[in-house]
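Notes for the one structure printed next.
Chains as they are written, first to last, in this note's numbering: chain S, 1 to 161; chain F, 162 to 695.
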């Protein structure tokens, strides 16, 4: 069972480049790609999907084409809407889509990964600090330069013309 | 500020690594110097590491086709396995480079004599040595003296720490008995000339919010401007114009409002990088030069070199803390840099060890390779991947070939209607043999370092900001575009001062060498002011 509701998600985004059915299908796909696990949210989480929809908005034409293809293929091969298919059938259809419309999946995966793996809850669940690197930065341990001893013993070996 | 109808002494086109160095050097002459730059200043607060979307900002992508800023011009790279990247703005490519800062080796300047391939430069390492040193002082270079693979150098800042990842891979090199050394890096590891010390933010290739990385907007330019150089941004040069004597008259450019001007100058210096420079010359055709300005040799745009490269990634069982620290500056190996004919190819390559990626880039890369699945296995696969990968990039010397070239693309244009460019590039046989060798050696190092798996080596689709050779220097006007100090054979007050001048590519990142060369060109101009056009 997918960890997403089959009813339209309650998104708080203001982007209107995708209709309600398209938004729902995108959330189903995101949840299929990255499901919830323990403290980790699903990529279909409302806050994450809100950012996904905003970022996909700039590629709305390609995304809409991909979503139409999914809906059409699901109806033709299973006579069932994609969100209502079992996981195995959904995955098989995604594999087919990967062959037939790789551009859509490349964009979708890139954006979902970007929005998911910058989410504070996700970062903390992986033991990482939330937020940007600047200004705190990171501490890198001092180097054990004795590692270089074998190299220091070599004579110069660059060619002098 | 100069008036539009004023004739300046020197007009520099492009405010990147080379243009900044030239301006900084020529200001000693007290000449009126103007630089026109098509892009703008980048504010430190704009860099991605200020925000939580720091790993995925398309406006700081290296690809102009993804970035699509107003200053960018399209590059059709569909006919090239190597994908050119750049940045158009004050600082040029140094805004997004990794600050990996090796110099060319002495042998790189005479490959024809030594190895029977490529061509000899009209200058030597010894000619450039004082300018390497001068450039290092302005940029601030971290490293460790004593590398047996390179000529000695002074004045290095403390090296960038290797981190767990670097030490792990270094042990692999030691196990094989191969050379390695901490990378020389244009990064302030201690406060340097007003720049703060490196904070190990990680993604240098999307800009340094701390200002520790030596981009020329914060190294060369502030002093050059203080001393009188005028830098005019958001001014895109469309064409270099000629007078009735066949000398450069100046340049036609669009200002920020899109209004066209002609800026006249006694000397014009082009520094738009290995792709932008031939683009401008080819777009400056005239009755005298129907095939592009200064192109009687037919070589403008030809002999494009991008470096042939491999990318080999190993996965380790334990965390490597690899995404913390300058991503491009850990250690290098020159074990296979100099020619050894028993390897089956001429010339050689540097192995550069990159630090790991952040969580977003890890996930995106895993998805792209099919290594990170959809569904319930996703999280376990991510945990096994994140912070457990080390990458070796081999930067190999591709030989100059006239069929590798930059041409104007009539099918695309920039925001002012000037044609974009098309890059046609193929990997030569020598490069392919070198890449096969490099991929095998990188795999062996990663295995020796303890990698539990090593992915197949990639040789195509890799990005390169190392465009070189498209207006090569030389003594023979039929075989080169400029003379031995950057003056065009065809137009005696037109100079080129960037990596377009390179005769061969070396097997290292080019920024240190192109800046030393720019300082050399400027120095030659200064020494010859009384008879510069003779």
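For each residue, glycine too, the CB sits at the ideal point set by N, CA and C. Nothing here was measured: the structure is a model prediction, and the numbers come from that model.
Query	Result
Own chain partners of residue 668/F with C-beta closer than 7 Å, once the 5 adjacent residues on each side are dropped	498, 508, 509, 510, 511, 556, 557, 558
Proximity test, Cβ basis, 8 Å: residue 362/F and chain S	yes
Three-state secondary structure (DSSP) of residue 390/F	coil
Cβ of residue 70/S within 8 Å of any chain F Cβ	no
Chain-ordered chain S contacts of residue 213/F [CB-CB under 7 Å]	118, 131, 132
C-beta atoms of residue 489/F and residue 515/F nearer than 8 Å	yes
Residue ranges of each beta strand (DSSP E) within the stretch 508 to 586 of chain F, 3 or longer	510 to 515, 550 to 557, 566 to 574, 580 to 585
Interface positions of the stretch 140 to 158 of chain S facing chain F (Cβ-Cβ less than 8 Å), listed along the chain	140, 141, 142, 143, 144, 145, 147, 148, 150, 151, 152, 154, 155, 156, 157, 158
The stretch 205 to 219 of chain F contacting the stretch 358 to 374 of chain F, beta-carbon criterion three pairs below 8 Å	yes
Beta-carbon gap between residue 286/F and residue 262/F smaller than 8 Å	no
The stretch 165 to 184 of chain F in contact with the stretch 215 to 228 of chain F per 3-pair CB rule at 8 Å	no
Per-residue contacts from residue 162/S into chain F (C-beta, under 7 Å)	Past the boundaries of the shown model lies residue 162/S; chain S is included only from 1 to 161, so the question cannot be answered.
Rounded C-alpha distance that separates residue 124/S from residue 549/F	18 Å
Contact residues within the stretch 21 to 37 of chain S, judged by C-beta distance below 8 Å to chain F	32, 33, 34, 35, 37
is_contact[residue 319/F, chain S] using C-beta, thresh 8 Å	no
Rounded separation between residue 169/F and residue 658/F - CA only	18 Å
C-alpha gap between residue 5/S and residue 114/S, whole angstroms	Model confidence at residue 5/S stands at a pLDDT of 32, short of 50, so the residue's coordinates are unreliable; what they give is reported in the following sentence. So the alpha carbons of these two residues sit roughly 23 Å apart.
Short Cβ contact (8 Å threshold) for residue 561/F with residue 389/F	no
Paired residues, beta bridge with residue 625/F - DSSP	245/F
Residue-chain proximity (residue 44/S, chain F), Cβ-Cβ < 8 Å	no
Min CB distance residue 307/F to chain S below 8 Å	yes
Where residue 300/F sits in the DSSP three-state scheme	helix
Rounded separation between residue 587/F and residue 88/S - CA only	43 Å
Distance CB(residue 264/F)-CB(residue 673/F) smaller than 8 Å	yes
Supposed close pair residue 453/F, residue 446/F - CB separation, criterion 8 Å	5 Å
Sub-8 Å separation of residue 532/F and residue 522/F beta-carbons	no
Residue-level contact to chain F via CB, residue 161/S, 8 Å cutoff	yes
Integer-rounded CB distance, given that residue 356/F should sit under 8 Å from residue 301/F	7 Å
Under 8 Å between C-beta atoms of residue 547/F and residue 138/S	no
Supposed contact pair residue 336/F and residue 323/F - C-beta distance, whole angstroms, cut 8 Å	Not a contact, Cβ separation roughly 16 Å.
Other residues of its chain near residue 186/F: CB distance less than 6 Å, five sequence neighbours each side excluded	680, 683
Anticipated Cβ contact below 8 Å, residue 615/F with residue 471/F, distance rounded	The pair is not a contact, with the Cβ atoms about 12 Å apart (cut-off 8 Å).
Extent of the continuous beta strand (DSSP E) to which residue 475/F belongs	469 to 476
Residue 216/F, buried or exposed, once every other Cβ within 10 Å from all chains shown has been counted against 16	buried
Reference residue 629/F, options 552/F, 504/F, 246/F, closest by Cα	246/F
Contact with chain F by residue 114/S, beta-carbon distance below 8 Å	yes
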